[in-house]
Structure formats: C-alpha cells, structure tokens
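>
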Amino acid sequence: MKQRQSGSPSRNRLGLATLIAAVLVATAAPAHAAPVPALAPADPPGSFTETNLGAELISPFASYRIPALAYLGDGVVLASWDGRPFNAADAPNPNSIVQRRSTDGGKTWGPIEVIAAGSVTASGQESPKFGYSDPSYVVDEETGKVFNFFVYSKDQGFHGSTFGNDDANRNVISSAVIESDDGGITWSEPRLITETTKPDSNPANPAPGDVRSNFASSGQGIQLKYGEYAGRLIQQYAGDVLQPDGTRAIQAYSVYSDDHGLTWQKGENVGVRMDENKTVELSDGRVMLNSRDSGNGGYRKVAISTDGGHSYGPVTQDFELPDPTNNGSITRLFPDAAQGTPDAKKLIFSNSNSQSSRSNVSVRVSCDDGETWPSVRSVRSGFSAYSTLERLEDGQIGLLYESSYTNGITFSKFDDAWLNYVCAPLEVDDVKLAPGEAVDVPVTITNQEQTAVSGELTIDTPGGWTAPVVDVPAIAPGESATITVSLTAGDNAAAAPKLDAVFTAAQGGQSRHSFQAAADAVGLKVTGTPADTNRNVDTNPYAVGDRVAYNFRVTSTATVTTSAVPTAGNFDIGFLPPTAPNCRFRVLPAGDAYNCTTAKHTVTQEDVDRGYFIPTATFESTSTTDPALTKTVNFTGQAVFLNSAGKANALAAEIVGSRTDTNRDLAANPYTAGEQVPYSFRVTNTGLVTEATVPTSGNFAPFVPPGPGNCRFLVLPAGNDYTCGTPRHTVTEQEAADGFFVPLTTWTLSASGFPSKELTVNGGETDLTERNPGLAATAVTTEITDTNGDGVDSAGDDVSQSATVTNSGNVRLTDVALEGWNGAVAELGVDGATTFTRTFTLSGVQVQAGVIEAVDAVVVGANGSRSAEAPVAAEAYQLDVEPGFTPEAPTSDQLKHDNEADFAAPRTPVVRGEDVTLTLPEAGSWYFLHEDTEPLGWFQANDAGQVTFSFDADAGPGARRVSVTDGEGQYVGWDRVVLSGR
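Counted the way mature numbering (1 follows the signal peptide of the UniProt record, and there is no 0) counts, the sequence shown spans residues -33 to -1, 1 to 949.
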C-alpha cells in the first residue's frame, strides 16, 4: 500500500513490491522536444457533451447551488440541487430542493420541479421560515427505492445551531430524508432523522460525542455490494462534535441502514477538520472515505473502514489529490465489476483541481483502489465548484457540477475513452536545480495493465523550461521501468514550480505525476505605511517643502541570501543609497525581513494641488553568491493624504449592472408584468482607500440592507471589486408595455475619517423584449370650406388636412408628434392610432398657382432612447379656382356665321331676370360667357355640365347671342337665348 503522509509532500513513493517482478532501468535517447499539455474537454479521444440544467431560474429562486446526481437504470437519471431564494446563502436561508429527471440517459431532461419546498415559494412566503438544503441521493438497487437526504433548517444553519436534536427547537439544525418508489417521479414528505444523525445527551450540558451541528454531505451516498455488509446503504455526514477535552472538532461519520432505509444508524466519528465527505467501496469490500479538509490543508483526506463504514482508521492526506477546500466526488468506475477483479479496483474522482480557487473541475482515474491517481482530464478550466459523478449506461459517465453560483448546474457526459487513462502510475522525486541548469529526472513507471505498455515520456514544462520526449520501451504487466528525462530550468526560474511528468502510452491513454522542481530564486515583498498616522490634515495640512516620513517593511521571498537595494522611488531623503541613512539591506537571509524607518517624501506643489501623493519604490533583490540572479520588485502604496481637498477624492466607485439571464430569447419569450428580472452589479473601488459600498435605494429587491441578499460590501480595498448577483427587478405594466426598464439605484460610499459620498447609478435601458418601435401613416386628406360662398377655392377659404398615424411596432411609444400639425400625444400603445390635422387659410399665392403645396413631413415617436418615424405625404392638391384671364370677345364674323354651338341653350323664351341654364361639354370645367361682345364672366359647370346665369333685369325682350369660351381660351361657339317681355 502507498505510504500516506500527514506532513510535507516532498516525496510520494509507490510501494508496489507485490506487483513489481523486476525493475527495468533505462536511459533512452530523446525522441523530440515537445511538451504534452493537458487535453481540453472537447479534444479527442472519446466523446464529451455538456448542458446547463440550471440555466433558467424559476420563481422564487435567485441562485442554484449544491448538485446531486443518481442513475436508477433503464435510462433514468436524477439531478437535484438547492433552489435558493433571495441570494446564494446556505441554511438557514429558506432554500428548497429541486430536481430534473431524464429518461434517456441524460440526453434530454424534464422541467425543474420542487421536490421539497421551503417556506418561500412561487406563490408566497410562510412564517416562520424553514428550508431544505444540500441534497444527496442514495439508491437501493435491491428494492429500486431512491432516497434524498438534506438539511432541514429553521432559524439557524450549521454555524449557529445549538446542541440537541429536538426538531421543534428552531435553533437546532435538523436532518431530513425523502424517498421515492417510482423512480423519482413522486416523493414522500420529509422524514426527520435528527435523533440518529445528531446524538445528544443534554443540550444544556453536552457530553463528549454530542453533535452541535451537522449536515448530510451533498452529492450521493452508496450501497455496498461485497461481503457481509452487502446491501448496506451509506450516507455521509459532517458534524461539529464535542471532544473529551472540551473542544469541538468537525468530524466525519457514516449514517447507514441494513433494512433498506426503514431505520438508520450512526457510525463512529472520524478525523478532525473534516468537511463534506464521500465513500466508495473498494475491490475487497473495504470502504474508503474521501473528505474535504476544513482546515485548508490543500489536499483531500482519506480513511479506510473494514466494518462497512461503521468506523474508520487513521485519516491521512492524499498528496495526489490537491483540493481548494471544496466538495468533490468519488465512485467506482465499473460499479458492477466482480469483487477482486482489476476493474473492481478502478475508481473515478472529481473535484476542483486547484489549491487556491474553486476552478478547473477535473476527473481522475485510479486503477489500484485509490492508492495512486495517474490520470486526469479537465472538464472546465474556469470557475467550477461542487461536483458529483455517476456511472450511467452504454459506457457513459455523468458529472454534475456548479459552473456558477447563480444559474450554473452543468451536466457533462463522457465515455471511458474520453478519460484517456492508462493504468501506469508514475513515481518522481522532487529535484533541486538552479536557473538555466539541467538535471536528470528519474521517472519510474509501473504497469498495472494486463498487457505490456510502451510509449513516450516527457515533463510538461512552463515557459523557458525544457524537457525532451523520451521513448519508453515495453514494460510487462506488473513490472516497472525507470526512465531518465533531462530537465532544464529557465533562466529566470521561479522558486519550486510544480511540474508534471507525463507518460503517453502507445496503446492509448496518459498517466501523470506532479513533482517539485526547486530552483534558486530571489524576490521581495514590500509593504509601507505613513509614520505619522495621527496628523489631522483637515486642521493641519501639509505645505510645500514639508517632509512626510514613511516606514517600509521588506520581506525576503527568496530561497537564497540576497541583498535588498532600493533603486528608485519618490522618497528623496533616507531612502536611496549610497547616502546614509538609506533602506538598503546588504545581507538578507531567505525568508527574513527588515524595517526601514528613515525614508521621507518632500511635498511638492503638485502634491498639494492634488491633495495626496502615491508612494512608489523600486527594489532590487540580488543573490549574494550569484550576482546574475536578480529581480526587480516594484512597490506602490496607498495614497498618503496631505489636506482636506485630497481626502475629498478618496472615495470613488464604478458601478455597472446587467441582466444575468443573457441566454433568454427576448423575441420568443419577452418579460411580462409581474416577472422578475435577475440582475447583477459589478462594483469596483476606483478610489484611494478601503471603503464601504452600501446601496441606499433602487428598483430591485433584494438590494438594500439590512435584508438578506443585499448588495452591501463593508470592506472593499482600493482597486478591488465585487459582484452582487442577488437583485431582482419586478416588471411593471408600463415597463412591459415599453419593452424595457431603467435600473436606477443610489449608493453611499464611506470610510473612517473621510466625508461620505452619494452616487446615483442609471443603468440605462435594459430590454425586456426584442424592441421594434414602428409607426405607419395614412395618406393626407384635404378639405376646403367655401368661406366667402363664391363657389370656388379662393383666397380666404379655410383648409383642413389630416392623416391617421398608427403604432405599428411592438412597444409603447411616447411623444408622438408631427411638426406643425395638431394631434401630438404623450403616449401611443401598440396598435393605437391618432389623427393629426392642420388648418390654414388659402392664400392669394396658392389660388394664383392653383394648388396647395405637396405634403412631405415625418411623424416621429420615441421608445426610450429609440425612435420610430413614418412619412406623412400627399401630392400637390389642385385648387378649384376660376381661370386668371379674360378671353377675347367673339368677333362679329364669328357671331354672324358660327352659330353651331357645342352646347345646349334653352329652346323656349326665358323671362327677364330669371336664370338661364346652359349645358356645356364638360362637367366641372370653367367657361367664359359673352353676350354679343360684352363679357358676362367665368362660370364653372356643375356635375351635370350646366352653368346658370341671368341677364340684367332691365334688358329688353328679344334674342340674345351668348357665346362660350373654355378654360383654355378656346372658342366653343354661340347660341341664341330669347328673352320674353313678361
């Protein structure tokens, strides 16, 4: 068995003597120099797909967290997680457990459903509050029943719970489980098992072993398949347990059932500084516990049980499993493999493959019951946190993990080929080398496969480092070979980088092992503070020429003794050598530090005008034995304020926001009134000091403190930022009609000793639909009123023109107007219409021209910052006016000979003074009449083509010759009209 250490992971040797029949030592010739980086998720070999099961936040949830996964057979996959209202907080936030179900092996998924509802639901809130958090499935393959374990919280979560297991006590955190007999379609009501999981002797006087607080480890529990405990169901817990010496420790323990979940028993506590932990059955029936380290040790913790999970042996760190204190997952790669077979020894593990951040969720394979973990593939390089694995069917594996703390519950599906593993763990000792130096690195490869392996070996190096690719001859099953690879450090090598030796098998697959390559390095950490922190610059400001004393703390980060020498900076006294005193330190041992209290900055006029100065300094760290090994370190300190004007500039922030549901198709799925828009604020301290950033008002909830989910940040250093993703905006009727809303918030910036500042942040228009503002207009109609009654369009007549305008877009419009026309409206809804009119008096110029000018206008409307417009047009309107000339009178010759008139005159005598009606060729046309040669004037034919006139009352009886000329001046003819004397 591999020796597991609890100290420094400087050596990590394999102890596989029982497998190694012989050791082949080889120093092979280099093949070609090309490092072998880790594969990207989509790279071959194998298949890899992903889908985000949590992309849609259903009401009332602001965050999804804590995934659980289970495969029930026949294609049924269950995925469960927390739906968290208000924010992403743990219990006692009134969380709920939600689930999606697949019946085709994870290809497609049903809707998100709540299977255990907390006190905040889509239909409202109950009081007092309660919630369910941190789901974990346990599948009983013998009965087909599936369980889901989780926390039941009231007023307290893990950190605030008291001793005791009275579920009615609102300060006691409780344990709940639900079960399903129909493959996760329906679920029972929560059953409380707190008395089992949280033992207590007397809450007022707890005894050693009593559990103050606990939670079921989220993800999945197991069912044992081998030996005397076959059929046992095991769910892991972490608890804050009272110790015999009166202290408390977070320990792990199993809660198990031997009667298919009818009753549950608690096992013994194990370890200290434990956390979320998982178990897996090994090939010989033992149970391995694998735990997060709440002590931030940087690696997973493991322990072994020989009694079916009731108790566990010593806890050790597994230095092949780095971890950033995060929940991970471990399970059997081949869960149905027969006991003791090679496939039964294969395990698969997932976690955030980092020691510094929740990122780079990766999957590892072990071929020896978790003794070594030679294979690793990355699933996501960026942020990625809790994860849980499950073997599916048809050679597929499912991984459910957090890709964000808001709406990222991502399901990855891949096959065995994608794992790209070979059962050939590596053993590499740490090496010591100087920058630019080359050393031989022995790498021992042990073949755990059932057939011989061969291939290539190299070291995956950072920039500036080099290592060749070396051929690996065939290694028989169970044997080992030691291959030497030459490693050359970069000229500016960092201290002790972690490198990977990589074996690529010709038969397929890779194995890796990390080791330290320590190169001598130089470096400094420089910090600084003003020496006089009590001076009140409001009442005693600095003046030009004053000197500001400043203290430096210089710490060696080198691995060798160095000199620390300041070479530049804005300190003109007591800082730069060779003048004494200065801040030089000639012999600084590795890891040591010194203080320099002599530096002073002389205040300039520019400093006074600005009100502050920014301390800057440059140091050189140089090895005392190798002058070529040197490094420049730059320092920039916080502003040193010189007067009240400078302090006034101390507080500043940049605050920007945006919708977080960027995947929502607003064209197909626009927001409606009452819906909540998820929104996120990014707040950056652009000021000069650490400040508190507190929202004071805004059209969001949650947002303003002190309520849960608020966006307050009380300690934000200069230059730092944070994201608040909890706010929700409830869409109003007017905003839904507009298709957008405007995030409007106010914030207060404050810091001790500085006047606070108020910021108003207008987030601009945030779309709620795919906005398409539009207008449409009808043709212009023209009406003329014969004001003077002359029967024609003449100067002074009243003219009215109108056009109807319709909102043809999909959003409300405001300020719809047509310049120079009446009818402007403040708002116009979709499909709404308004009529624009304009009135004026006919001018002599228009009458003389015979037309009203053409209309060429544009009606406009606004939808926030967007606009809509439409042309309002009409051709020139022809006026009905009498011709502007007097035709010549007919000649005597025309009156004598041309009496064939092209019109009809009365055939009977007309009484003097009465109207005379002539029927003319064209209705509506103008005609000029003469009596003999005397003009009678212009007349317009009516719709019947007739004009009416009369002779003077004193005209004598007899025949009168009436001649007609048309509007074009063409002579039409004449006819007689007989006047009677009566």
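Note that the Cβ used here is the ideal one computed from N, Cα and C, for glycine as well.
Could you check where the alpha helix (DSSP H) with E881 kicks off and where it finishes?
By 1-based counting over the sequence shown, the position of residue 881 is 914. Unbroken run through E881: none, as it is neither H nor E.
> Keeping to the same chain, check which residues put their C-beta closer than 6 Å to that of G730; ignore five residues upstream and five downstream.
Taking the sequence shown and counting its residues from 1, one reaches residue 730 at position 763. The answer, listed in chain order, is G624 and P710.
> Tell me the residue span of the alpha helix (DSSP H) that contains S859.
Looking up residue 859 in the sequence shown gives position 892. Here the alpha helix (DSSP H) through S859 covers S859 to H864.
> Can you have a look at S371 and say buried or exposed, based on whether 16 or more other CB atoms are within 10 angstroms of its CB?
Along the sequence shown, one-based indexing puts residue 371 at 404. Flag for S371 reads buried.
> Rounded to the nearest angstrom, how far is the Cβ of F381 from that of S155, given a contact under 8 Å?
As a first step, residue 381 is located in the sequence shown; it is residue number 414 there, counting from the start. As a first step, residue 155 is located in the sequence shown; it is residue number 188 there, counting from the start. Actually they are not in contact, since the Cβ atoms of F381 and S155 sit about 34 Å apart, beyond 8 Å.
> Measuring CA to CA, which of H696, D260, G912 and L726 is closest to F53?
Within the sequence shown, the letter at position 86 stands for residue 53. The option with the nearest alpha carbon to F53 is H696.
> So the candidates are E108, L609 and S345; which of them puts its Cα closest to the Cα of H227?
Residue numbering aside, residue 227 sits at position 260 when the sequence shown is read from its first letter. Here the closest residue by C-alpha is E108.
> Buried or exposed, going by whether 16 or more other CB atoms sit within 10 Å of the CB of R199?
Residue 199 sits at position 232 when you count from the first residue of the sequence shown. Its Cβ being crowded by 16 or more others within 10 Å, R199 is buried.
> In angstroms, rounded to a whole number, what distance separates the CA positions of L742 and E357?
As a working note, residue 742 is residue 775 in the sequence shown. As a working note, residue 357 is residue 390 in the sequence shown. Whole-angstrom Cα-Cα distance: 57 Å.
> Using a Cβ-Cβ cutoff of less than 7 Å, which residues in the same chain neighbour S588 once the five nearest sequence positions on both sides are dropped?
Your numbering for residue 588 matches position 621 in the sequence shown. Counting only Cβ-Cβ distances below 7 Å, and skipping sequence neighbours, we find V489, G490, L491, A525, T529, A531, T597, K598 and V600.
> Relative to the alpha-carbon of A791, which residue among T808, D133, T433 and V772 has its alpha-carbon at the smallest distance?
Residue 791 sits at position 824 when you count from the first residue of the sequence shown. Considering only alpha carbons, the answer is V772.
> Below 6 Å CB to CB, which residues in the same chain sit around T727 once its five sequence neighbours on both sides are set aside?
Translated into positions along the sequence shown, residue 727 becomes position 760. So the qualifying residues of the chain are T713.
> Where P924 and N789 are concerned, what is the direct C-alpha to C-alpha distance, given to the nearest angstrom?
Residue 924 sits at position 957 when you count from the first residue of the sequence shown. Residue 789 sits at position 822 when you count from the first residue of the sequence shown. Roughly 58 Å separates the two Cα atoms.
> Quick check on the DSSP output: the alpha helix (DSSP H) that includes S717 runs from which residue to which?
Taking the sequence shown and counting its residues from 1, the one referred to as residue 717 is at position 750. That residue, S717, is in no alpha helix (DSSP H); its beta strand (DSSP E) goes L711 to A718.
> Could you check whether F916 and L946 sit closer than 8 Å to each other, using their CB atoms as the reference points?
Within the sequence shown, the letter at position 979 stands for residue 946. Within the sequence shown, the letter at position 949 stands for residue 916. Not closer than 8 Å, so no.
> According to DSSP, is A305 helix, strand or coil?
Locating residue 305 in the sequence shown gives position 338, where the first residue counts as 1. Three-state DSSP puts A305 in coil, outside helix and strand.
> Assuming V814 is part of the beta strand (DSSP E), what are its boundary residues?
Counted from its first residue, the sequence shown places residue 814 at position 847. Careful: V814 lies outside any beta strand (DSSP E), inside the alpha helix (DSSP H) at G811 to A816.
> How do the stretch 358 to 367 and the stretch 41 to 51 stand: do at least 3 beta-carbon pairs fall below 8 Å, yes or no?
Taking 8 Å as the limit for Cβ pairs, the verdict is that the stretch 41 to 51 does touch the stretch 358 to 367.
> Alpha carbon to alpha carbon, what distance is there between S769 and V878?
On the sequence shown, position 911 is the one that residue 878 refers to. On the sequence shown, position 802 is the one that residue 769 refers to. Using only the alpha carbons, I get a separation of about 47 Å.
> My output table needs one value for A(-3): the three-state DSSP class, helix, strand or coil.
For this step, residue -3 is matched to residue 31 along the sequence shown. Low local confidence applies: a pLDDT of 40 at A(-3) is under 50, so the model's placement there is unreliable, with the coordinate-based value given in what follows. Looking at A(-3) - three-state DSSP - the assignment turns out to be coil, as it is neither helix nor strand.
> Is T246 closer than 8 Å to I189 when the C-beta atoms are compared?
To locate residue 189, count along the sequence shown from 1; it is residue 222. To locate residue 246, count along the sequence shown from 1; it is residue 279. A contact, by the Cβ cut-off of 8 Å.
> Have a look at the DSSP bridge pairing and note the partners of D427.
Stepping through the sequence shown from its first residue, residue 427 is reached at position 460. In DSSP, D427 forms a bridge with D467.
> As a quick exercise: from T75, G851 and S447, pick the residue whose alpha carbon is nearest that of Q815.
Numbered from its first residue, the sequence shown carries residue 815 at position 848. Among T75, G851 and S447, the Cα nearest to that of Q815 belongs to G851.
> Taking the beta carbon of R267 as the centre, do at least 16 other beta carbons fall within 10 Å, making it buried, or is it exposed?
Reading the sequence shown from its first residue, position 300 is the one you call residue 267. R267 is buried by the Cβ-count criterion.
> Kindly indicate which three-state DSSP category T455 falls into: helix, strand or coil?
In the sequence shown, counting from the first residue as 1, residue 455 sits at position 488. DSSP places T455 in strand when its eight states are reduced to three.
> When burial is assigned at 16 or more other CB atoms within 10 Å of the CB, is F378 buried or exposed?
The residue given as residue 378 occupies position 411 in the sequence shown. Burial call: buried.
> Closest to W340 by C-alpha separation, out of S323, S258, K313 and A171, would be which residue?
The residue you call residue 340 lines up with position 373 of the sequence shown. The residue with the shortest Cα to Cα distance from W340 is K313.
> Suppose you measure from the CA of Q861 to the CA of A890; what does that come to, to the nearest Å?
Looking up residue 861 in the sequence shown gives position 894. Looking up residue 890 in the sequence shown gives position 923. Whole-angstrom Cα-Cα distance: 25 Å.
> Taking C-alpha atoms, which residue in D71, S120 and P12 lies nearest to N62?
By 1-based counting over the sequence shown, the position of residue 62 is 95. Taking only the C-alpha atoms, the option nearest N62 is S120.
> For Y689, count neighbouring C-beta atoms within 10 Å of its own C-beta (all shown protein chains included) and say buried if the count is 16 or more, exposed if not.
On the sequence shown, position 722 is the one that residue 689 refers to. Answer is exposed; the Cβ neighbour count stays below 16.
> State the Cα-Cα distance for the pair residue 1012 and I581, rounded to the nearest angstrom.
This structure cannot settle anything about residue 1012, because the visible part of the chain is limited to -33 through 949.
> Answer with buried or exposed for G77, where buried requires no fewer than 16 other C-beta atoms within 10 angstroms of its C-beta.
Position 110 of the sequence shown, counted from the start, is the residue given in the question as residue 77. Exposed, because fewer than 16 other Cβ atoms sit within 10 Å of the Cβ of G77.
> At what residue ranges does the stretch 581 to 658 contain a whole run of the beta strand (DSSP E), taking only runs of 3 or more?
Taking only runs of at least 3 residues, the beta strand (DSSP E) segments lying wholly in the stretch 581 to 658 are 583 to 590, 597 to 603, 620 to 626 and 643 to 652.
> DSSP state of Q123, grouped into three classes?
One-based indexing of the sequence shown puts residue 123 at position 156. The answer is coil: DSSP assigns Q123 none of H, G, I, E or B.
> Can you list, in chain order, the residues of its chain whose CB lies under 8 Å from that of N518, leaving out five sequence neighbours each side?
Position 551 of the sequence shown, counting from 1, holds the residue named residue 518. For N518, where only same-chain residues beyond five positions count, the Cβ hits under 8 Å are G495, T496, P497, A498, N562, C563, T564 and A566.
> Using a Cβ distance threshold of 8 Å, determine whether the stretch 604 to 611 contacts the stretch 506 to 516, with at least three qualifying pairs required.
These segments touch.
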